[in-house]
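Heads up: the structure comes next, in structure tokens.
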Amino acid sequence: MSKVNEAEVRAEVRDWLAANWDPDMPLVEWRGKLADSGWGMPQWPKEWYGRGLPAGLARTVEEEFANVGAVGVARSGVRLLAAATLLEHGTDAQKKKYLRRILTGEDTWCQFFSEPGSGSDLAGATTRADLQGDFWVVNGQKVWTTSAHHADHGLLLARTDWDAPKHEGMSFFVIDVKQPGVDVQQLRQMNGHASFNQVFFTDAKVPVENLVGKIGDGWKVATTTLMHERRGADGLLPPSKKGTRVGRIHAEERVENEKANEPYKWYPQRAGRVDLILERAKETGAGKDPVVRQEIAKLMILAKSAEWTARRARAAQRQGRPQGPEGSLGKLAASHVARACARVHTMMTGTDALLTGEDSPRNGVIAEILVSVPAVSIAGGTDEIQRNIIAERVLQMPKEPRFDTGPFRNVRRN
Ligand SMILES: Cc1cc2nc3c(=O)[nH]c(=O)nc-3n(C[C@H](O)[C@H](O)[C@H](O)COP(=O)(O)OP(=O)(O)OC[C@H]3O[C@@H](n4cnc5c(N)ncnc54)[C@H](O)[C@@H]3O)c2cc1C
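Shown next as structure tokens:
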């Protein structure tokens, strides 16, 4: 990235913001301007709402937005995973229909991958899509579908050929969630939140033009979505700190964030809240106990090294270098850190860590950590699956023996 380029981009975006940014504009109208000018997603291709800039320069643009407090395009939830998948595999008609409304925040998305009998073994999905005239007719069940209860569209992985080997018999679709054949039922978790759903499809319809990629390409397309998910591109960010800004756009963005972030309110707790560890050590006096102090030190070392590994991965990404082993190690490291946090919080808080409610430690946050941390080792691929990936793809160790080859119809399942 040359210095001249960076200075030019900085000057150009600054001028554009000076001419266009108006905090009293309706949010969707402003984001429409961002999409059409390419400044909302400058790293996207020029023909699709971007400016074709390298990821490093996209950060420069973000800095200029932050300097004037300008709101960006919609990023929360699964929408950016949907966008990344469509940019790579979608038809021009699909990109035209969906990408702009993703950026303006008009549509929300969810991911229909996991099923009761296929989570780690995602390629064993048995939800089926059968071609009948101009529609694919979908029957089956998905589960764990975060945000399906307020999504407009879903990324659907379904079996379209039962005689092909399991990875080759699936196709990928965009499905309209708000249709009569889609029954979304919220599930309550042990931490009291209800962020994901079980979803039943009974003769739900998908128009033929909503097939993403070719028939039988479902696994390849889903791999793109998962790659972006593991890189953390799903926009599950901590709540915005811009709570006090004035203007119609900020007010509308706050309402949007509240709804979009509802399913993710407990996500900081599921990461273990390493940020609270030192405060709690002082607050409880547990830092004076040499055994607890030792555990705190071990945790902070683990957390720092995981953070630096993640930063290395992000730096490589910004410079356009291919994802190294950092990507696979990052998710596993996050599980270790979260579990170690839960242990240290418990050591410091004692039995009070089980209490919830206003008069409990940190308003119940410590208890919520304990019942939320297990999710990190499951969501987006379990720890064991990450270890398999590291062993087989990073370290090139021999693969597990397979018993699921040949026509899927004959593969033993459940
Ligand atoms: C908070 C959260 C949000 C989620 N959101 C979504 C979503 O929006 N959309 C979606 O589609 N899914 C979502 N998921 C589902 C998630 O992707 C699956 O839960 C995950 O892939 C594990 O699948 P499973 O639950 O079926 O467990 P299983 O696959 O049944 O695994 C059970 C146990 O067996 C182990 N195991 C399985 N296979 C192997 C193997 N080959 N080698 C060694 N051990 C193995 C696993 O590690 C695990 O310990 C979400 C999950 C969580 C926790």
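-2 is the number of the first residue of the sequence shown in our numbering; add one for each residue after it. Glycine included, C-beta positions come from ideal geometry on N, C-alpha and C.
Mark residue i as exposed unless 16 or more other C-beta atoms lie within 10 angstroms of its C-beta, in which case mark it buried.
i: Leu275; result: exposed
i: Phe170; result: buried
i: Ile298; result: exposed
i: Asn207; result: buried
i: Ala71; result: buried
i: Phe193; result: buried
i: Gly403; result: exposed
i: Ser117; result: exposed
i: Thr348; result: exposed
i: Ala16; result: exposed
i: Ser111; result: buried
i: Ala4; result: exposed
i: Met38; result: buried
i: Met167; result: buried
i: Thr221; result: buried
i: Phe400; result: exposed
i: Glu365; result: buried
i: Asp231; result: Low confidence applies here, because Asp231 scores a pLDDT of 49, under 50, leaving its location unreliable; read the following figure in that light. Buried, since its Cβ has 16 or more Cβ neighbours within 10 Å.
i: Asn188; result: buried
i: Leu329; result: buried
i: Gly43; result: According to the sequence shown, residue 43 is Lys rather than Gly. Burial call: exposed.
i: Ala122; result: buried
i: Ser(-1); result: Bear in mind that the predicted position of Ser(-1) carries a pLDDT of just 47, short of 50, making it unreliable; the figure below should be weighed with that in mind. Per the 10 Å Cβ criterion, exposed.
i: Leu83; result: buried
i: Lys175; result: exposed
i: Lys163; result: buried
i: Pro398; result: exposed
i: Ala90; result: exposed
i: Glu26; result: exposed
i: Val140; result: buried
i: Arg76; result: buried
i: Ala372; result: buried
i: Glu250; result: buried
i: Gln393; result: exposed
i: Arg318; result: exposed
i: Trp41; result: buried
Hey, could you find the ends of the alpha helix (DSSP H) residue i is sitting in?
i: Arg308; result: 287 to 315
i: Met224; result: 215 to 227
i: Ile99; result: 89 to 101
i: Ile212; result: That residue, Ile212, is in no alpha helix (DSSP H); it is neither H nor E in DSSP.
i: Ile363; result: 362 to 369
i: Ile246; result: 245 to 258
i: Lys30; result: 24 to 34
i: Lys43; result: Segment: none, Lys43 is in no alpha helix (DSSP H) and carries neither H nor E.
i: Ser332; result: 322 to 346
i: Ala423; result: Only positions -2 to 411 of the chain appear in the structure, and residue 423 is not among them; the question remains open.
i: Leu412; result: The chain is shown only over -2 to 411; residue 412 falls outside these bounds and no answer can be derived.
i: Tyr264; result: 264 to 267
i: Gln383; result: 380 to 386
Could you please give the first and the last residue of the uninterrupted beta strand (DSSP E) stretch that includes residue i?
i: Ser144; result: Segment: none, Ser144 is in no beta strand (DSSP E) and carries neither H nor E.
i: Met167; result: 167 to 173
Tell me, which residues are paired with residue i by DSSP?
i: Pro204; result: Phe132
i: Ser115; result: Glu112
i: Asn194; result: Gln183
i: Pro162; result: Pro404
i: Trp106; result: His150
i: Gly284; result: Answer is none; Gly284 lacks a bridge partner.
i: Gly137; result: Phe198
i: Ala155; result: Ser168
i: Arg48; result: Partner(s): none; Arg48 has no beta bridge.
i: Ala126; result: Val135
Verify the contact flag: residue i, CB atom, against every heavy atom of ligand 3, threshold strictly below 7 Å.
i: Gly377; result: Of the ligands this structure carries, namely ligand 1, none is ligand 3.
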